[in-house]
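J.: Below you will find the structure I want to go over with you.
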Amino acid sequence: MEFLTLKIRPLSPFGTPPKGDTIFGQIVAYFFLDKDHTFENYLNEAPKLIVSEMMPYGYVYKPNLPLDCFKSNNDQEVDKKDIRKREFISLENLQNGKLHLCEKIDFINEFVTIKNSINRTTFTTDGGDFAPYGVEEKTFFKELWMFALVEKSIKKKVITTIEQIGKHGFGKDGNLGKGNFDIEVIENKIDDVDTQYALSISPTILKDKNIINSWYEPFTRFGKYGLADAHTNAFKKPTIMADSGSVVLLKEKKQYFGNCVDNGLKDKPSFLQGYSIAIPFTIKDESCLNID
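In the working numbering, the protein residues as written are 1147 to 1438.
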């Protein structure tokens, strides 16, 4: 598979966090709507596409490692409160093992917009009570980027599909102008580092025989059906994953790790991207990992 690096210019607020498995799901939906069955056998074959989430341009998530791993050479101990506030690290510093140079990046505003349900027949609110509700939205005021591992035969179509998603809107309320963005294909910035440690940049299912050890925070994906499948029971089976920023120790170096899973119901099949692109990086002092 080939690496694809995209610079993202957000054009409107997002109603859905742009996490890797969610972006992947919308790409797959566009393929199926186009009657393209590239992903029809996704559960039973090697992945043809793995998508990261959108992150501040030039940065990836800080590795989810013990706090002692973030000591600089001059530190006797780590300022734990300060380190917890720093959620990102430049890709260059990560791959060079300079974990103490993680940063707090100010790139997003979160706010709540107030809405009210409207009866489209009468163009009024139903019932006697006025019942507004709040919807969370996110505005990104800096450029973002994302990565993909993609099979060469579908690379052009994946780029075109992501462009369409940016034009028509990603995630919740895309038809109301949310989740719009422009993309630019740029040179791959990920270096080939000689290491067995790798960082995840999307929620991952750590069910992989190539993983020796892992460090992660759990994340529960409550998936929902779309289009016609959403008219009955809209919810898929909840799935516990390892959130972005997880770290794995691999037996053999590989472009990706993780697994996929069937998270659908009996009468409504579905699948979930549980893979992550592997970002190789160096841990200069492995004693901080407390491995027995």
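We put the beta carbon where it would ideally sit given N, CA and C, even for glycine.
Based on the DSSP output, what are the partners of P1426 in its beta bridges?
T.: DSSP, once it has assigned bridges, lists A1344 as partnering P1426.
J.: Would you give the residue range spanned by the alpha helix (DSSP H) that I1169 belongs to?
T.: Its alpha helix (DSSP H) spans residues 1166 to 1179.
J.: Grouping DSSP H, G and I as helix and E and B as strand, with all else coil, what is I1264?
T.: Here I1264 sits in coil by DSSP.
J.: What is the DSSP secondary structure of E1238, reduced to helix, strand or coil?
T.: Of the three classes helix, strand and coil, the one that applies to E1238 here is helix, per DSSP.
J.: If the criterion is Cβ atoms closer than 8 Å, does the pair I1423 and I1305 meet it?
T.: Going by C-beta atoms, I1423 is not nearer than 8 Å to I1305.
J.: How long is the line joining the alpha carbons of N1262 and G1280, rounded to whole angstroms?
T.: For N1262 and G1280, the distance between alpha carbons rounds to 9 Å.
J.: Count the C-beta pairs between the region 1319 to 1330 and the region 1152 to 1164 that are closer than 8 Å, then say yes if the count reaches three, no if not.
T.: Because the criterion of three Cβ pairs below 8 Å is met, the region 1319 to 1330 and the region 1152 to 1164 touch.
J.: Got a sec, what are the start and stop residues for the beta strand (DSSP E) G1312 sits in?
T.: Looking at the DSSP string, G1312 is not in any beta strand (DSSP E); the run it does join, the alpha helix (DSSP H), is 1301 to 1314.
J.: Determine the contact status of K1288 and P1202, defining contact as a CB-CB distance below 8 Å.
T.: Cβ atoms of K1288 and P1202: closer than 8 Å.
J.: R1230 and E1249 - do their beta-carbons sit closer together than 8 Å?
T.: Not closer than 8 Å, so no.
J.: From the DSSP secondary-structure annotation, give me the bridge partner or partners of Y1421.
T.: DSSP output for Y1421 lists G1404 as bridge partner(s).
J.: Hey, out of I1386, Y1207, F1417, I1169, whose CA is closest to Q1241's CA?
T.: Of I1386, Y1207, F1417, I1169, the residue nearest in Cα terms is Y1207.
J.: Give every residue of the same chain whose Cβ lies closer than 8 Å to the Cβ of L1396, excluding the five residues on either side of it in the sequence, and list them in chain order.
T.: Taken in chain order, the residues that qualify are Q1342, Y1343, A1344, N1356, I1357, I1358, F1403, A1424.
J.: Tell me whether P1415 is buried or exposed, calling it buried when 16 or more other Cβ atoms sit within 10 Å of its Cβ.
T.: Exposed, by the Cβ-count rule.
J.: Suppose the cutoff is 6 Å on Cβ atoms and the five residues either side in sequence are ignored; what does the same chain contact list for K1307 look like?
T.: A small fix is needed here, since residue 1307 is Thr in this sequence, not Lys. Closer than 6 Å at Cβ, skipping near neighbours: I1173, Y1176.
J.: Is T1285 closer than 8 Å to N1255 when the C-beta atoms are compared?
T.: Cβ atoms of N1255 and T1285: closer than 8 Å.
J.: In the region 1183 to 1209, which residue ranges form an unbroken beta strand (DSSP E) of at least 3 residues, counting only runs that do not cross its ends?
T.: Listed in chain order, the complete beta strand (DSSP E) runs (minimum 3 residues) inside the region 1183 to 1209 are 1195 to 1197, 1205 to 1207.
J.: Along the beta strand (DSSP E) that carries R1367, what are the first and last residues, could you check?
T.: Segment 1364 to 1367, the beta strand (DSSP E) holding R1367.
J.: For N1409, tell me which candidate among I1351, M1200, T1259, F1149 has the shortest Cα-Cα distance.
T.: Ranking the options by Cα distance to N1409, first place goes to I1351.
J.: Take G1166 as the anchor and find which of I1235, E1297, F1316, F1234 has the nearest alpha-carbon.
T.: Nearest C-alpha to G1166: F1316.
J.: Which word fits I1235, buried or exposed, when buried means at least 16 other C-beta atoms lie within 10 angstroms of its C-beta?
T.: Buried.
J.: Within 10 angstroms of its Cβ, does V1393 collect 16 or more other Cβ (buried), or is it exposed?
T.: Label assigned to V1393: buried.
J.: For V1258, which residues from the same chain have a beta carbon less than 6 Å from its beta carbon, with the 5 sequence-adjacent residues on both sides left out?
T.: Counting only Cβ-Cβ distances below 6 Å, and skipping sequence neighbours, we find G1280, E1282.
J.: Thinking just about the alpha-carbon of each residue, which of D1319, P1384, A1388 is nearest to the one in P1163?
T.: Cα-wise, what sits closest to P1163 is D1319.
J.: Buried or exposed: which applies to V1197, given that a residue is buried once 16 or more other Cβ atoms fall within 10 Å of its Cβ?
T.: By the neighbour-count rule (16 or more Cβ atoms within 10 Å), V1197 is buried.
J.: Pull up the distance between the alpha-carbon of K1302 and that of V1339, whole angstroms please.
T.: Whole-angstrom Cα-Cα distance: 28 Å.
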